[in-house]
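For the sequence shown, our numbering assigns the number 77 to the initial residue and increments by one for each residue that follows. Idealized CB from N, CA, C, for every residue including glycine. As the structure is a computational prediction, the values presented were derived from the model and not from experiment. First comes the structure, then the notes that go with it.
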Amino acid sequence: MLADPLVDLGTLLSYWPDPADTDDDHALHDPGMDTLGLPTRAEVVDRHAARSGLDLAAIAWYEAFACWRLAVIRQQLYARYIRGESTDERMASRGESVGMLSRRGPRILTESWPA
């Protein structure tokens, strides 16, 4: 069974820097990524649609899903660190982005499909 390739694209978009990002959104980007001259998220989606022939009208759902999924993963990694189940010091900061991701997912959906 193959997975839905749009889940991977949504995950990529959740990490992808964009000029429209808020300060909150930058929590997932590695420092300096926004200065590399990368295409915008919209341009990435347009290029993917053109090359794949897929209908990406609902791509915001996949990006919001990726935010939720990453929030759960990061919270789990942080909780394991706090409980002493991981000694990887990088996990000490994984919880910092959980709140941002929890806000970003619904915001993506609200901005994409206004009521």
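Between the CA atoms of residue j and residue i - distance to the nearest angstrom
{"i": "Leu88", "j": "Gly160", "result": "30 Å"}
{"i": "Gly129", "j": "Pro81", "result": "13 Å"}
{"i": "Ala134", "j": "Pro95", "result": "21 Å"}
{"i": "Asp84", "j": "Thr163", "result": "29 Å"}
{"i": "Asp106", "j": "Leu112", "result": "11 Å"}
{"i": "Gly175", "j": "Leu104", "result": "12 Å"}
{"i": "Asp169", "j": "Tyr154", "result": "Sequence inspection shows Ser at residue 169; the Asp mentioned does not correspond to that position. When rounded, the distance between both Cα atoms is 7 Å."}
{"i": "Ser188", "j": "Ser90", "result": "15 Å"}
{"i": "Pro115", "j": "Ala79", "result": "26 Å"}
{"i": "Glu165", "j": "His102", "result": "21 Å"}
{"i": "Tyr138", "j": "Ile158", "result": "30 Å"}
{"i": "Asp97", "j": "Ser173", "result": "15 Å"}
Where residue i falls: helix, strand or coil (DSSP)
{"i": "Glu161", "result": "coil"}
{"i": "Leu132", "result": "coil"}
{"i": "His105", "result": "coil"}
{"i": "Asp97", "result": "coil"}
{"i": "Ala79", "result": "coil"}
{"i": "Thr116", "result": "coil"}
{"i": "Trp144", "result": "helix"}
{"i": "Trp137", "result": "helix"}
Beta carbon of residue i nearer than 8 Å to that of residue j
{"i": "Ala142", "j": "Gly108", "result": "no"}
{"i": "Arg117", "j": "Trp92", "result": "yes"}
{"i": "Ala125", "j": "Leu185", "result": "no"}
{"i": "Arg179", "j": "Asp99", "result": "no"}
{"i": "Arg183", "j": "Met167", "result": "no"}
{"i": "Leu132", "j": "Leu177", "result": "no"}
{"i": "Trp144", "j": "Gly171", "result": "no"}
Below-8 Å beta-carbon distance, residue i vs any chain D residue
{"i": "Asp164", "result": "Chain labels in this structure do not include chain D; a single protein chain is all it has."}
### Query
Should the region 105-123 be called in touch with the region 150-158, which here means at least 3 C-beta pairs below 8 Å?
no
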